[in-house]
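Chains A and B, in that order, are what the protein sequence lines are. Read in the working numbering, the first sequence has 288 at position 287, and its numbers run on one by one without any break. Read in the working numbering, the second sequence has 176 at position 175, and its numbers run on one by one without any break. Built from N, CA and C at the ideal position, the CB exists for glycine as well.
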Amino acid sequence: MRNISMAAAIGLTAAVVANAATAGTVLDTVKARGALVCGVGTGTAGFMLADSQGKWVGLDVDVCRAVAAALFGDAEKVKFVPLSSQQRFTALQSGEVDMLSNNTTETLTRDTALGLDFTAVTYYDGQGFLVNKKLGVKSAKELNGATVCVAPGTTTELNLADYFRANKMTFKPVVIEKVDEVRAAFFSGRCDVYTNDSSSLYATRTANVPPPAKPEDFIVLPEIISKEPLAPAVRHGDNQFADIVRWSQYAMVEAEEYGITSKNVDEMTKSDNPTIKRILGVTPGMGKALGVDEKWVYNIIKQVGNYGESFDRNVGMGSPLKIERGLNNLWTKGGLQYAPPIR
Amino acid sequence: MAVEALGSAHRVKVAPWNDPVIRGWVFQIVVVGLVAGLAWYLVSNTIDNLNRQKIASGFDYLGREAGFEIGDSMIEYSPASTYARAIWVGILNTLRVAVLGIFLSTILGTLIGVGRLSPNWLLNKICVWYVEAFRNVPLLLWLFLFYKLISEAFPGPKQALSALWGSMFLSNRGLYFPVPMADPIHKWMGVALLIGIAGAVALHRWAKKRQEATGQPFPSILAGFGVALGVPFVVWLLGGAPHHLSWPELKGFNFEGGTVIQPEFTALLLGLVLYSSAFIAEIVRSGILALHKGQSEAAAALGLSRGQSMRLVLLPQALRVIVPPMTSQYLNITKNSSLAIAIGYPDLVASINVTINQTGQAIENILLIMAAYLSVSLSISAFMNWYNKRIALTER
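Here it is as structure tokens:
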């Protein structure tokens with residue numbers, strides 16, 4: 002893996018150099034290629050995971066599909082590139098991928114010094130701790146002296162150090178590059194605690210506990226020690242491409258708010274509601290403004306579904322993870338998912 | 002025309018474009034110019050593009066707070082330390098495993114290499130199988146195997162295996178054992194050790210000279226150890242012989258006090274030593290086999306035992322063949338230590354990778370990591386070349 006990040010860095014140099022000669026926009030490149038190249042994680046159940054047929058599924062994957070549907074009218078025109086937490090930014094900076102949809106937390110440093118732009122928040126998350134029930138720990142405040150497994154190069158790693166410093170506690174980190182190896186180290190007992198975004202902890206508990214241990218043997222501690230707004234990222238500088246990614250996400254949320262689903266989207270095109278007519282491109286104008294086909298939202302919803310459907314199918318009650326909507330409910334239902342109007 | 006020009010070339014001064022000396026210079030200048038131009042183009046373009054994409058550049062980040070914890074550090078380090086210090090911790094960790102790895106694999110490799118030449122059938126076959134097993138499986142797999150073995154096979158800290166009347170504890174958190182409490186005398190004992198070693202070397206030289214002059218042998222090796230260890234011991238006694246130990250104790254999740262050898266370090270060192278010693282064994286064997294049979298026969302004729310003839314006659318000569326390929330093995334050990342990242346040992350690559358990720362400055366960090374490995378490797382080469390010159394055959 003070390004070689005890959007090394008290669009990525011050299012690739013960055015090469016690509017940065019090559020960029021100078023042909024300073025085309027990301028959007029032109031993507032359109033000319035005829036497919037979107039989307040950087041996802043190496044495998045977190047519910048968010049991005051290649052299933053038994055090799056098809057990528059998950060909440061983050063659906064964002065890539067939605068963008069492809071908006072751009073090409075075909076949600077399958079995406080090439081997924083799995084990246085570790087350490088490879089992802091270099092891969093995006095160097096142009097190896099067009100966008101990241103990788104459970105990446107939006108932060109000031111990443112937005113500025115790394116030369117990235119974040120679009121809309123896909124999932125409002127927070128960092129938590131997974132422990133074995135046998136430890137008898139009830140609160141993160143009792144973790145003084147613990148050994149903690151954590152993936153490198155993440156906000157998680159920094160929050161962990163901040164939290165223990167703030168609470169005058171000490172810990173020993175075990176940092177392994179591949180997330181599978183981090184989990185394996187935790188389940189083998191090398192660490193007392195595994196820390197990650199709490200959504201990932203639920204995913205790990207559901208999908209990665211090695212038998213004979215059972216998911217019920219592990220608990221996620223109640224403390225959420227950070228804000229982790231997970232958002233897709235694009236390179237700084239191509240605003241139109243960033244707009245298309247952002248509004249593809251908003252379209253999914255907006256569709257849920259107006260009750261447009263993949264099942265009823267065809268009937269909805271006959272709706273008299275002017276907002277719905279505008280969203281679905283029956284009244285033209287929105288697609289032109291964004292620089293995509295007028296039926297862009299129709300394609301997204303028909304092929305991928307609205308935000309609620311995607312959430313339910315991948316991480317919500319319709320999935321093994323059974324994560325509550327919570328903060329990720331629509332603003333009308335007490336959550337934070339709030340899309341600006343499509344008008 | 003052509004005939005005329007050829008004919009006159011011998012007598013008349015040639016035109017500058019036909020003069021081989023001038024031509025040689027021109028070609029060299031053009032090549033250097035092209036390389037410099039290409040380098041300038043790459044560098045200026047890169048800087049230009051980084052600026053255009055608004056990606057930060059420069060080495061200012063080294064002085065900023067790192068914010069991440071490192072699990073295994075030889076020096077004082079906390080998340081409040083700077084990135085520069087985090088990288089320094091990584092360099093020291095790399096050096097620690099590389100130096101120990103080189104030392105141990107040289108010893109083990111020499112033993113195995115000599116063992117392969119042994120007339121004892123069992124010893125011989127064990128050494129053959131050892132070499133074949135370790136040489137033919139990638140190092141990364143050995144590392145995974147050793148790491149899994151340690152973290153899966155040993156019990157958790159609460160059921161730790163204790164040894165030596167509860168002073169040492171072995172668990173999947175590592176091997177905990179007591180160490181002397183920190184005391185100001187330790188620094189002086191370190192200085193004394195250096196003085197003692199210098200004294201031992203001087204003693205050895207004196208003994209050698211005397212033996213050459215008078216034929217009187219002197220047990221300089223044993224006496225040397227005595228001097229090297231005796232001086233710090235005397236300093237320790239003078240310092241009031243502080244003998245308080247810090248004992249490991251189970252507190253909460255883990256042992257506290259004492260010191261620990263962590264599983265990641267153990268797995269990496271074990272993998273590096275066992276893997277590299279297989280190669281070193283083959284180098285040693287080839288070095289010995291390169292000697293003429295007459296050498297061992299002559300040694301036997303002089304009445305030297307097998308051990309003596311190996312130590313005094315064969316190995317010193319074999320070293321001349323052994324040292325150059327050994328240098329590349331040592332470089333390999335150092336560079337292979339970067340596989341540490343796969344099993345979570347916080348070496349230089351791990352520190353740099355996290356730094357790249359938190360600062361986004363890949364180019365600067367990759368330059369740093371290359372510079373670090375280059376200087377370590379060049380130091381090893383320089384030392385080995387010096388040693389090679391020293392033992393080279395001096396022709397009289």
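- Taking Asn91 (chain A) as the query, report the chain B residues whose CB atoms sit under 9 Å from its CB, ordered along the chain. Rather than Asn, the amino acid found at residue 91 (chain A) in this sequence is Thr. Those are Ile357, Asn358, Gly361 and Ala363, listed as they occur along chain B.
- Item | Alpha carbon of Tyr148 (chain B) to alpha carbon of Leu269 (chain B), nearest angstrom | A direct Cα-Cα distance of roughly 8 Å separates Tyr148 (chain B) from Leu269 (chain B).
- Query: Taking 8 Å as the CB-CB cut-off, is Gln241 (chain A) touching chain B?
  - Reply: By this cut-off, Gln241 (chain A) is not an interface position.
- Message: Assuming Ser320 (chain A) is part of the beta strand (DSSP E), what are its boundary residues?
- Response: Per DSSP, Ser320 (chain A) belongs to no beta strand (DSSP E) and is neither H nor E.
- Tyr84 (chain B): buried (16+ other C-beta within 10 angstroms of its C-beta) or exposed? Under a 10 Å Cβ-count criterion, Tyr84 (chain B) is classified as buried, with 16 or more other Cβ atoms of the shown protein chains found around its own Cβ.
- Distance, Cα to Cα, His78 (chain B) vs Gln263 (chain B)? The residue asked about is misnamed: residue 78 (chain B) is Tyr in this sequence, not His. Per the coordinates, the alpha-carbon of Tyr78 (chain B) lies some 17 Å from the alpha-carbon of Gln263 (chain B).
- For Ala40 (chain B), decide whether its Cβ has a neighbour in chain A, counting only Cβ atoms nearer than 8 Å. By this cut-off, Ala40 (chain B) is not an interface position.
- List in chain order: all unbroken alpha helix (DSSP H) runs of 4+ residues lying wholly within the region 66-133 of chain A. Listed in chain order, they are 89-94 and 109-113.
- Return the CA-CA distance between Thr84 (chain A) and Thr155 (chain A), expressed in angstroms with no decimal places. A small correction: the amino acid at residue 84 (chain A) is Leu; Thr does not occupy that position in the sequence shown. For Leu84 (chain A) and Thr155 (chain A), the distance between alpha carbons rounds to 13 Å.
- Message: Given this structure, state the Cα-to-Cα distance separating Val194 (chain A) from Phe130 (chain A), to the nearest angstrom.
- Response: Going by the C-alpha atoms only, they are around 6 Å apart.
- Query: How about Gly238 (chain A): is its Cβ closer than 7 Å to a heavy atom in the ligand GDP?
  - Reply: As far as ligands go, the structure on display features none, and thus does not contain the ligand GDP.
- Message: By DSSP's criteria, Phe219 (chain A) is part of a beta bridge. Which residues make up the other side?
- Response: Looking at the DSSP assignment, Phe219 (chain A) forms a beta bridge with A:Asn133.
- Message: Tell me which residues of the region 327-346 of chain B have at least one Cβ-Cβ distance to chain A shorter than 7 Å, keeping chain order.
- Response: Here the close residues are Ser339, Ile342, Ala343, Ile344 and Gly345.
- Query: Does DSSP classify Trp57 (chain A) as helix, strand or coil?
  - Reply: Reduced to three states, the DSSP call for Trp57 (chain A) is strand.
- Query: So is Phe104 (chain B) in contact with chain A if we call contact Cβ pairs under 8 Å?
  - Reply: No, Phe104 (chain B) lies away from the interface with chain A (no Cβ there is under 8 Å from its Cβ).
- Item | Interfacial residues, the region 142-159 of chain B to chain A, with Cβ spacing under 7 Å | Result list: Ser152, Glu153 and Gly157.
- C-beta neighbour in chain B for Leu115 (chain A), strict 8 Å: Answer yes: the Cβ-Cβ gap between Leu115 (chain A) and chain B drops below 8 Å somewhere.
- Message: Could you tell me which whole alpha helix (DSSP H) segments of length 4 or greater appear in the region 57-85 of chain B?
- Response: Secondary structure remark: continuous alpha helix (DSSP H) runs of at least 4 residues inside the region 57-85 of chain B: none found.
- Query: Just by C-beta distance, which residues in the region 166-177 of chain A are closer than 8 Å to chain B?
  - Reply: Those residues of the region 166-177 of chain A placed with their C-beta closer than 8 Å to a C-beta in chain B are Arg166, Phe172, Lys173, Pro174, Val175, Val176 and Ile177, ordered along the chain.
- Excluding five sequence neighbours on each side, which residues of the same chain lie with their C-beta closer than 8 Å to the C-beta of Ile284 (chain B)? If you ignore the 5 residues before and after Ile284 (chain B), its C-beta comes within less than 8 Å of the C-beta of Gly110, Gly114, Ile323, Pro326, Met327 and Gln330, all in its own chain and listed in chain order.
- Message: Below 7 Å on C-beta distance, what does Asn145 (chain A) contact in chain B?
- Response: Chain-ordered, the chain B residues with CB closer than 7 Å to the CB of Asn145 (chain A) read Gly253.
- Message: Any contact between the region 285-297 of chain B and the region 307-318 of chain B? By contact I mean 3 or more CB pairs, one from each, below 8 Å.
- Response: The region 285-297 of chain B, when compared against the region 307-318 of chain B, does touch it at the 8 Å Cβ threshold.
- Cβ of Asn137 (chain B) within 8 Å of any chain A Cβ: When Cβ-Cβ separations below 8 Å define contact, Asn137 (chain B) makes no contact with chain A.
- Message: For a cutoff of 8 Å on Cβ pairs, would you count Glu77 (chain B) as touching chain A?
- Response: Glu77 (chain B) does not count as touching chain A.
- Message: Once the 5 residues before and after Ala208 (chain A) are set aside, which same chain residues still bring their CB inside 6 Å of it?
- Response: The beta carbon of Ala208 (chain A) lies closer than 6 Å to those of Ala46 in the same chain, with the five residues before and after it left out.
- Host beta strand (DSSP E) of Glu250 (chain B) (start-end): DSSP places Glu250 (chain B) inside the beta strand (DSSP E), whose first and last residues are Glu250 to Lys252.
- Helix, strand or coil: how does DSSP classify Arg117 (chain B) here? Arg117 (chain B) sits in coil when the DSSP states are folded into three classes, being neither helix nor strand.
- Note down, in chain order, each residue of its chain lying with its Cβ closer than 7 Å to the Cβ of Asp244 (chain A), except the 5 sequence neighbours on either side. Leu291, listed in sequence order.
- In chain A, which residues lie with their C-beta within 9 Å of the C-beta of Ile92 (chain B)? Per Cβ cutoff of 9 Å: no residues; Ile92 (chain B) is ~16 Å from chain A at best.
- Do the region 209-218 of chain A and the region 101-115 of chain A make contact, defined as three or more Cβ pairs closer than 8 Å? As far as the Cβ criterion goes, the region 209-218 of chain A does not touch the region 101-115 of chain A, which means the pair count is below three.
- Query: Pro233 (chain A) lies in the beta strand (DSSP E); which residues open and close that run?
  - Reply: Note, Pro233 (chain A): premise wrong, no beta strand (DSSP E); not H, not E.
- Query: Is the beta carbon of Thr105 (chain A) sitting closer than 8 Å to the one on Arg89 (chain A)?
  - Reply: Yes, these two residues count as a Cβ contact at 8 Å.
- Message: Residues of the region 65-94 of chain A in Cβ contact with chain B at a cutoff of 8 Å, in chain order, please.
- Response: Answer in chain order: Ser86, Gln87, Phe90, Thr91 and Gln94.
- Message: So, under 8 Å CB-CB, Tyr125 (chain A) and Pro230 (chain A) are touching, yes? Tell me the CB distance rounded to an integer number of Å.
- Response: About 6 Å; that satisfies the 8 Å criterion.
- Item | Counterpart residues of Ile262 (chain B) in DSSP-defined beta bridges | In the DSSP output, where bridge partners are listed per residue, Ile262 (chain B) has B:Leu176.
- Task: Report the residue from B:Pro120, B:Thr47 and B:Glu153 whose alpha carbon sits nearest the alpha carbon of Gln362 (chain B).
- Result: Nearest of B:Pro120, B:Thr47 and B:Glu153 to Gln362 (chain B), Cα basis: B:Thr47.
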